[in-house]
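One structure is given below, encoded as C-alpha cells.
There are 2 protein chains.
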Amino acid sequence: MKHKQQRRSYCPINFALESFGDPWSLLIIRDIVYFGKKTYGEFLSSEEGIATNILASRLAQMEKQGIITKRQSKMERRKEEYVLTEKGLDIIPLLVEIASWSAGYDRETAAPIDWITLCNTRKAEMIQLIRETVRDGGAVFVGPGSVLSKLAGEDHQL
Amino acid sequence: MKHKQQRRSYCPINFALESFGDPWSLLIIRDIVYFGKKTYGEFLSSEEGIATNILASRLAQMEKQGIITKRQSKMERRKEEYVLTEKGLDIIPLLVEIASWSAGYDRETAAPIDWITLCNTRKAEMIQLIRETVRDGGAVFVGPGSVLSKLAGEDHQL
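So the sequence lines, in the order shown, correspond to chains A and F.
Positions 190 to 347 (the working numbering) are the ones given, in order, by the first sequence.
Positions 190 to 347 (the working numbering) are the ones given, in order, by the second sequence.
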C-alpha cells in the first residue's frame with residue numbers, strides 16, 4: 190500500500206501552495222506561459238538564475254502533481270520538453286492576477302504597460318486567449334502563434 | 190545613501206513573488222482575510238504549524254513591503270496587531286483564484302463547497318465584498334461582521 194504523503198492542512202490555499210506555491214515553480218510556469226520555454230536548458234537560462242538542483246526538484250514536483258507533463262521534443266528527439274496539463278493551464282488566471290498586482294505597485298516593472306492595461310480591462314477574454322494559445326503550443330510574447338501576434342492580426346490596440 | 194536591495198529581475202511575476210511569494214506569507218494573509226486573525230499568537234496557532242522564527246521574519250518582510258501594517262490593539266493595549274494595507278488588500282483577488290484552483294483539484298479540500306461555487310459564479314462581486322469587509326476589520330468566515338453573516342442577512346444562498 191502506498192504511504193500517503195503528509196499534508197500541512199486541508200485548506201484550499203494551503204493545497205495550492207503545497208502544489209506550486211514556491212517562487213521557483215511559479216517562475217517556471219511563467220517561462221512556459223509567457224515565453225514559450227519548454228526545456229531544462231531554457232528554464233535554466235532565465236534571468237532570475239535558478240540553480241540546477243532547484244530546477245530539477247521543482248520540475249519533478251510539478252510533474253508529480255500533474256501540473257506539467259514531460260514528453261519527447263518534436264524538434265530534437267534527444268531532448269525532453271515540459272508542457273502544462275489542463276490542471277497547469279488552470280493556473281493561468283493566477284499568473285494574470287499576480288502580474289496585475291505587481292504592475293500596479295512596481296514602479297520599475299519590466300511589464301509592457303499596454304499588455305497590463307489589456308489584461309486589466311479585458312481580463313476574462315485575455316485569460317481565455319492565453320489558455321488556448323498555450324494549450325496549442327504557443328506563448329504570450331514569443332513565437333509566430335503568440336498571443337501578441339494574434340492580437341496584432343485582429344487589429345487590437347497592442 | 191541607502192543601499193538598494195538586489196532584485197532577481199524586473200519581471201512582474203518575480204516582483205510579486207519577492208514581495209509575498211512564500212507559502213508562509215500567503216498563509217498569514219489567508220489568516221487575516223478568511224479568519225480575522227490579527228496577532229502573532231493567532232497566526233502561530235494555525236494548523237499548518239508555522240515556526241516562530243519564520244512567522245516573525247515573514248511579518249517583518251511584509252511590513253517592510255507595505256503589505257501589512259502594525260498597530261496597537263484596540264482590545265488589549267499591550268498587544269500589537271497586523272492589518273492589511275491597500276496594497277495588501279489588493280492581494281485578495283489572488284487568494285480567491287488560488288482557492289478556486291484548489292477546490293477544483295483537491296478532492297479532500299476543507300473549503301465549503303457553497304462558498305467556492307459563489308466565488309466562481311460571482312467572482313468580481315465576492316472579491317469586492319471580501320475587500321470591503323476586511324478593510325473594515327472583518328473577515329470572510331469569522332465574526333459578526335463577516336462576509337458570511339452579510340450574505341445570510343441579504344438572503345443569499347449561503
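The beta-carbon is built from N, C-alpha and C at its ideal position, and this holds for glycine as well.
Inset, instruction - Could you pull out every residue in the same chain whose Cβ sits closer than 6 Å to the Cβ of Q346 (chain F), ignoring the five residues on either side in sequence? - result: For the purposes of this step, residue 346 (chain F) is taken as the residue at position 157 of the second sequence. Here the model assigns Q346 (chain F) a pLDDT of 49, short of 50, so the residue's position is not dependable and the matter cannot be decided.
Legend entry - Through-space distance from P212 (chain F) to E207 (chain A), alpha-carbon basis: Counted from its first residue, the first sequence places residue 207 (chain A) at position 18. Counted from its first residue, the second sequence places residue 212 (chain F) at position 23. Approximately 8 Å, taken between the alpha carbons.
Inset, instruction - Taking all protein chains shown into account, decide if K259 (chain A) is buried (16 or more other Cβ within 10 angstroms of its Cβ) or exposed. - result: Counting from 1 along the first sequence, the entry for residue 259 (chain A) is found at position 70. So K259 (chain A) ends up on the exposed side.
Legend entry - Test: E321 (chain A) CB closer than 8 Å to a CB of chain F: Position 132 of the first sequence, counting from 1, holds the residue named residue 321 (chain A). No, no contact with chain F.
Inset, instruction - Give the secondary structure of K227 (chain A) by DSSP, where H, G and I count as helix, E and B as strand, and everything else as coil. - result: Here residue 227 (chain A) refers to the residue found at position 38 of the first sequence. Coil, per DSSP.
Inset, instruction - Identify the contact partners of K226 (chain F) in chain A, using a Cβ-Cβ distance below 7 Å as the criterion. - result: Position 37 of the second sequence holds residue 226 (chain F). The premise fails here: K226 (chain F) is roughly 13 Å from chain A at the closest Cβ pair, so nothing lies under 7 Å.
Inset, instruction - Give a yes or no on contact between the stretch 319 to 338 of chain A and the stretch 223 to 230 of chain F, applying the rule of three or more CB pairs nearer than 8 Å. - result: The stretch 319 to 338 of chain A, when compared against the stretch 223 to 230 of chain F, does not touch it at the 8 Å Cβ threshold.
Legend entry - Of the residues F:D325, F:F204, F:Q195 and F:R196, the one placed nearest W290 (chain A), counting alpha carbons only: Position 101 of the first sequence, counted from the first residue, corresponds to residue 290 (chain A). The shortest CA-to-CA distance from W290 (chain A) to any of F:D325, F:F204, F:Q195 and F:R196 is the one to F:F204.
Legend entry - Distance, Q250 (chain A) Cα to K276 (chain A) Cα: In the first sequence, residue 276 (chain A) corresponds to position 87, counting from 1. In the first sequence, residue 250 (chain A) corresponds to position 61, counting from 1. Approximately 14 Å between the Cα atoms of the pair.
Legend entry - Any 3 or more C-beta pairs closer than 8 Å across the stretch 260 to 272 of chain F and the stretch 262 to 279 of chain A: no
Legend entry - Beta carbon of A341 (chain F) nearer than 8 Å to that of P201 (chain A): For the purposes of this step, residue 341 (chain F) is taken as the residue at position 152 of the second sequence. For the purposes of this step, residue 201 (chain A) is taken as the residue at position 12 of the first sequence. For A341 (chain F) and P201 (chain A), no; Cβs fall outside 8 Å.
Legend entry - Best match in A:L284, A:S234 and A:G230 for proximity to K268 (chain A) [C-alpha to C-alpha]: In the first sequence, counting from the first residue as 1, residue 268 (chain A) sits at position 79. Nearest of A:L284, A:S234 and A:G230 to K268 (chain A), Cα basis: A:G230.
Inset, instruction - Could you list the residues in the stretch 285 to 317 of chain A with a C-beta less than 9 Å from some C-beta on chain F, going in chain order? - result: V285, E286, I287, A288, S289, W290, S291, A292, G293, Y294, D295, E297, T298, A299, A300 and I305
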